[in-house]
Structure formats: structure tokens, C-alpha cells
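In what follows, a single structure is set out as C-alpha cells and then discussed.
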Amino acid sequence: MTAKTLFAGALLLALTGTASAQTLTIATVNNGDMIRMQGLSDQFTEETGIELNWVVLEENTLRQNVTTDIATNGGQYDIMTIGTYEAPIWAKQGWLKPLDTLSADANYDVDDILPAIRGGLSLDGKLYAAPFYGESSFIMYRTDLMEKAGLTMPDAPTWEFIGEAARAMTDRANDINGICLRGKAGWGENMAFLTAMSNSFGARWFDENWQPQFNTPQWKETLDTYLSLMADAGPAGASSNGFNENLTLFQQGKCGMWIDATVAASFVTNPNDSTVADKVGFAQAPDTGLGKRGNWLWAWSLAIPASSQNAEAAEQFIGWATSKDYLATVAEAEGWANVPPGTRTSLYENPDYQAAAPFAAMTLASIDSADPTAPTVDPVPYTGVQFVAIPEFAGIGTNVGQLFSAALAGQMSADDALAQAQEATTRDMTRAGYIK
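In terms of mature numbering (1 follows the signal peptide of the UniProt record, and there is no 0), the sequence shown is residues -21 to -1, 1 to 415.
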């Protein structure tokens, strides 16, 4: 949606005298790109007369809040920030409005959205959520600490190398942890990381008959590797750390490596925020030689709940916030390296972005390599790389995440966590009718 379109909308509102009466309530996550969007959104209000009421929440809280609201037709929000997991499931339930006007706008150019990202936000060819930023995951590492350890990071390392490097870079006396990984419980927090990691070890959530697989050697190797790595080279209190906590640790120079969302690259290389901005390298997520890497696929996206009474204005805001023009606005304000990544083909063809963002090519390669239709080594009955695209997964994934977080905190053994995960997931899938 262009500035010209926005101006026309503002003129219409001025003529009808409805500008001051229209307010959109937007629920979003407290990640850096969304906070930046909130700061720039005065431009939208000035151009359209539409006021914005922001509800900014921590990731787990946001998910719980918007899920409850939309499932009960609560009508609290006009725009929700949701992800690749929710969009097609909620669209199928009739809980979201299709973005038909946006999709038909040639200036918005829906065909410019990266196919992998657009496909995950669509149902039956219709777009139900517009991606604000897209991501996979990869390794961010301290080049100076890697050199000091006498090691060279490959572009595509193994988990064995990551373990060796993390332990070599750890210097607890100087508050440097060799690696920082998610430990905070949640299907989209620690289980996003651990599910993607497990894919690379040949594990899977379910076999082709929907039988849970936590009692397999592949899941045991995944969890044992993770817990051992964190015990030897991770930060204290890691069971409370999610994306934002680990971002802060890395920016403060307290992590040798961090495997997490590609969107973090602009924050760890921004000298205004990161003490190690000029000492950061990037590599693909690790593997074990089985043909799958431990990287995921996600898009934080904006969608309109069916209960919204302001759908037209909501779609207008979504068009503004996810457009090419918005990327240019961020670039003008804060530089090309800081624009929301992972959504548009044209961004990765832009020489200004390529020059400003040393992580651009690795980000795109990571997004392109994640395959939701074939996420694991062995066949599975579900789609989704770091999640299982069924409605029940949010609850099941969070329960398992709590068990694995407890194991990380030393409250139970890995074997007990896996056994309880197997038992609980089998029970839940039986009740849901997947297991006959």
C-alpha cells in the first residue's frame, strides 16, 4: 500500500468526519521489530486519521491471550500478531478474515512475498495473514572467541563441532558462556528450538500412525546432547531464557554462540545495541549428517480476527506495516540492515540491503532450506518444521516444553522427562482421537 493510497484514505476520513472515531486495537509481541513498528506508526495515523491502541505482550503471554480471545469470539482486538502455526488452522476454523483487498492490490504486490512464507500463511490459495517478518534459525557466533579457541566455524557445521567449540569458548571466570540456547518453557520457545534440533538427529514428534516418539533413541540423543551442552557451556538460569533473554546476553558479550532466529542478526550487529557488533559471524544451523539441519521456518504476521468491527481499517494498517514502502521507511530511519527481514523477494535482490546486511544470504538460504512438508528424516503425518500443524499442538507442545525445561533446571532427569512426555502426549492424542 503506497503513500498515495494512504493519503486518499486520509482524505476520505476527513470528508466523512469519522477519523477521530476509529481506533484499532493491535496485539503484538515485544520483539524489537514490532517495537520499532509501534514507534513509526504515528506516520500511519497522521496519514489516515486512524488511531492505534497497542497491546504489547511477551511471546508466551501473547499466544495465550490471542488464542483465548479468538476461540471465544471475544472481539478484544482488530489486529493480532500470529504465526505460521496459527494462520491456516484458524483460517480453517473461520476465525480469520481473508486479506482479499490486500491480495488484489498491485502496489502491495503479494506475489513478491517469499513463496515459503506466503504458503504458510495461506489456506486454499487465500492469504489470511500478512508477514511482518519471516525467519529461519542459524548460528550467530563471536569470531574473536572462535579464533581465540583455535577453531574455524564451517559454513555448515555439525553438532559435534558446535559442542567442541562451545566448550572451548567457555570462560566462566570472565562471564562468557560458550553457547546460549532457549530454555524457557513453551511450544514456541524451548520447543521451537528443540523440535528443530531433534529433526537433525532423526527424531520426530509422531510416527505415521500418530504414535508419540519420545521413547526413541533419537529423542534421547537430542535431549542428552542439549542438556550436556548447556551444563558444560550454557549460562546460569538457562531454563528461564527465551529469545529476548538470550539476545541480551549475546549483545552484552556473554555468549560465544547463539542458535536462534535469523531475525536477531540485525540486533546483534547493531553497534547502538550490541557490544560485540563488529565481531559476529553466521553459519547454518547444525546437523548430524542425516540430511536435515536444526533450523525452523516462521513468520510473525498480522491478521484480522473475524470478530473485528473495523476490518477495512485493519487491512489498511496491515497493508502499511507489511509493504515495500514500510521497508523503505525503516531503511531511511535506521538503515537497510535494520528492516524487517525474510518476507519479500525484492528485499534480497536489493543491492543496498545486500551491502548493509552481511547476514542476508545466509538468512535466505536458511529460509529456503526449511521444508514444512518434509521436516524430518523419516515420514510423518504432519506439516511444520518446529511445530506440528494440528490444533492440539499448542497445549501438547507447552506441556512437553515444561518437562524439558524442568530437566534443564535439574528438577528431573532426561529419562524421566522423556518418559513423562511420552505418557502425557499419548494420553492427549488418544483423547483427541488421533490414536485409535
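Virtual Cβ for every residue (Gly too), placed ideally from N, Cα, C.
Counting along the chain, no alpha helix (DSSP H) covers Arg151, and no H or E run does either. In terms of Cα proximity to Ile297, the closest of Leu281, Leu306, Ala285, Ile61 is Leu281. Taking the CA atoms as reference points, Leu130 sits about 21 Å from Ala152.
Ile49 sits in a helix when the DSSP states are folded into three classes. In the DSSP assignment, Trp69 falls within the unbroken alpha helix (DSSP H) covering 65 to 71.
Within the DSSP bridge table, the entry for Arg323 names Ile92 as partners. Close CB contacts of Ala290 within its chain, under the 8 Å cut and outside five residues either way in sequence, are with Asp57, Lys76, Ile283 (chain order).
Minimum Cα-Cα distance from Gln263 among the listed residues Pro319, Pro133, Arg146 corresponds to Pro133. In the DSSP annotation of this structure, the continuous segment of the beta strand (DSSP E) that includes Phe111 starts and ends at 109 to 114. The bridge partners DSSP lists for Ile61 are Ser280. Beta-bridge partners assigned by DSSP to Gln43: none are found. A straight line joining the alpha-carbon of Thr301 with that of Tyr87 spans about 9 Å. Closest in C-alpha terms to Tyr361, from the list Ala396, Pro320, Val379, Tyr413, comes Tyr413. In chain order, Leu(-16), Ile29, Leu31, Phe296, Trp299, Ala300 place their CB closer than 8 Å to the CB of Phe23, counting only its own chain and leaving out the 5 sequence neighbours on each side. By the Cβ test, the stretch 390 to 400 is in contact with the stretch 200 to 207, since at least three Cβ pairs between them sit closer than 8 Å. By the C-beta criterion, the stretch 157 to 175 is judged to be in contact with the stretch 223 to 239, since at least 3 inter-stretch pairs fall below 8 Å. The C-beta distance from Lys271 to Val356 rounds to 6 Å, short enough to fall under 8 Å.
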